[in-house]
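One structure below.
2 protein chains.
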Amino acid sequence: MRKAYHEELDRIAESLVEMTHLAASAMSRATTALLDADVHLADSVITADAEIDSRRERIDLLSFDLLALQQPVATDLRVVVTSMRMSSDIERMGDLARHVAKVARLRYPESAVPAELRSTFREMGQVAELIVEKTGSVIAGRDIAAAREIEADDDAMDRLHRHLFEHVTSSEWPHDTETAVDITLLGRYYERFADHAVSVAERVVWIVTGEWGNEANGSHEDAEDDATGRAV
Amino acid sequence: MRKAYHEELDRIAESLVEMTHLAASAMSRATTALLDADVHLADSVITADAEIDSRRERIDLLSFDLLALQQPVATDLRVVVTSMRMSSDIERMGDLARHVAKVARLRYPESAVPAELRSTFREMGQVAELIVEKTGSVIAGRDIAAAREIEADDDAMDRLHRHLFEHVTSSEWPHDTETAVDITLLGRYYERFADHAVSVAERVVWIVTGEWGNEANGSHEDAEDDATGRAV
């Protein structure tokens, strides 16, 4: 019975890692679609989001079965419940990538991103891809050191996001308001994508150590807010 | 043993309902702080958010205890797991109200909201307050009819949000880019607040009926996106 139980847990962990790969791919392709004004690529991201959603549903079913049939306690219980939370986080990351793809599609045949911000968005796309692939490694290997790296990647995303924000709100902003609105929303999507990756990593750390890392859950966003002087 | 179990479930439900009252109050006061440029009221919302977070933590502890000690199955299991998800949704609603309060504080002594948008924001605040109070009724009474009403309230929020969006992106937008950015983010905070309330209501419906309502989980945002022609 214990063997079957651990096989079930392994299946859940594998599904979670799969989800991180799908989310990485989604955000990477959404960023390319955005920069290249590639409407077909944008459409493929939008369609593929259903794959991520269905993984989350499957993890829910596996977890419910485990809870009902195996009735885990202590750390095992923590693992199962936390896995369901992680799958919700990663599903949300997929949604955010889909939102990026939708902006790309909306602006076709133009790119939604002004020339002077292209390198910033390319970098945000790369950080997003890296951060969620690392999250997969953290889940697969219960790798606490990698979880700490993710915090540094998230700081990098915060800096890029802040740069975006400062540019859009500066007196030298050379584009129209509609572009400012698009960039504001896009920046928030990438920012929240990274936030969710940090949440997932923190949950793995909690399973392994029983601790929440440097900040209490939820105050991560506050730290950003205070750094930018505004709620972003 | 069954009696103790049902008392535990009742305590969880009561905590959830309490959270909805706190979230309603938070969003109502944040909206007032925003419209009146009331920095003290804004600060009180920001401080009080910790109350909402601590309720979520308590629900987690109660739920874990229940799962470990009572080992529920079937519908009971569904209720416990779903309660944890609902508490995360309501916690997030509290965070969104805090973000609104932060914008209010940032812009003090001005109001962040231009004159011609005051009535729109006042209405969004009222819809937000109503929708989360109704969510509390849905949880307390397993009230499916009220859950349907919430969908209508959410449609009302979508219309207000769309109005905001159209005004900000129109060629007649008479304010600076920084104001456009603030309004864009504020609109998204109210929008997501209502989305989370709908999620909570849908979860209660699922507990009671086993069904997800009119739309598959997650496609609610897509329906909005399609209506506005953009990802908002």
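Top line first, the protein sequences correspond to chains Z and U.
Residue numbers 41 to 272, in the working numbering, belong to the letters of the first sequence in order.
Residue numbers 41 to 272, in the working numbering, belong to the letters of the second sequence in order.
Virtual Cβ for every residue (Gly too), placed ideally from N, Cα, C.
In the structure shown, Z:E218 adopts helical secondary structure according to DSSP, grouped into three states. Cβ proximity to chain U below 7 Å picks out V208, T209, W213, T217 from the stretch 189-217 of chain Z. Per DSSP, U:R182 is not a residue of any alpha helix (DSSP H), being assigned neither H nor E. For U:E97, the enclosing alpha helix (DSSP H) has its first and last residue at 79-110.
In this structure, the CA atom of Z:D193 is about 28 Å from the CA atom of U:G227. Around U:V121, the beta-carbon contacts reaching into chain Z at under 9 Å are D100, S103, F104, L107, V121, M124.
Inter-residue distance for Z:I171 and Z:D129 is about 13 Å (C-alpha atoms, whole angstroms). A residue is called buried once 16 or more other Cβ atoms fall within 10 Å of its Cβ, and Z:K142 is buried on that count. A Cβ of chain Z is located within less than 9 Å of the beta carbon of U:L117. Taking 9 Å as the CB threshold, Z:R95 stays off the interface with chain U. The closest CA to that of Z:R118, considering only Z:E191, Z:A196, Z:S210, Z:L49, is found on Z:L49. A Cβ-Cβ contact shorter than 9 Å links U:L200 with U:Y230. Where Z:G134 is concerned, the enclosing alpha helix (DSSP H) starts and stops at 114-147. Taking 9 Å as the CB threshold, U:T224 lines the interface with chain Z. In this structure Z:I247 is not in contact with Z:A53, their Cβ atoms being roughly 11 Å apart against a cut-off of 8 Å. Annotation for Z:V57: the continuous alpha helix (DSSP H) segment containing it runs 42-76.
Taken through DSSP and simplified to helix, strand or coil, U:A234 comes out as helix.
From the listed residues Z:T249, Z:T122, Z:D93, the smallest Cα separation to Z:L107 is found for Z:T122. Within chain U, not a single residue places a beta-carbon under 9 Å from that of Z:Q166; the smallest gap is close to 21 Å.
Inter-segment contact for the stretch 86-105 of chain Z and the stretch 85-100 of chain U is absent: fewer than three beta-carbon pairs are separated by less than 8 Å.
Look at Z:A152 here: in three-state DSSP terms it is coil, with no helix or strand label. Burial state of U:K174 is buried, judged by a 10 Å Cβ sphere holding 16 or more other Cβ atoms. Classified as exposed, Z:A114 has fewer than 16 neighbouring CB atoms from the shown chains inside 10 Å of its CB. A direct Cα-to-Cα measurement between Z:Q111 and U:R147 gives close to 52 Å.
Neighbours of Z:R228 in chain U, taken as residues whose beta carbon is under 8 Å from its own, are L225, R228 in chain order. Per the C-alpha coordinates, the member of Z:D135, Z:R145, Z:D116, Z:T72 positioned closest to Z:A234 is Z:D135. The beta carbon of U:A114 sits closer than 9 Å to some beta carbon of chain Z. Between U:A185 and U:A144, the gap from beta carbon to beta carbon reaches 9 Å or more.
If you compare the alpha carbons of U:R188, U:I223, U:L102 with that of U:V153, the shortest gap goes to U:I223.
Rounded to the nearest whole angstrom, the CA to CA distance from Z:T219 to Z:R51 is 44 Å.
In terms of beta-carbon proximity, Z:A220 lines the interface with chain U, with at least one pair separated by less than 9 Å. Shown here for Z:R162: same chain residues with a beta carbon closer than 8 Å to its own, the five before and five after excluded, namely T71, L75 in chain order. DSSP, reduced to helix, strand and coil, places U:W252 outside both helices and strands of the structure shown, so it counts as coil.
In this structure, the straight-line span from the alpha carbon of U:F104 to that of U:W252 is close to 25 Å. Residue nearest to Z:D198 within the set Z:D100, Z:R232, Z:P214, Z:H207 is Z:R232 (criterion: CA-CA distance).
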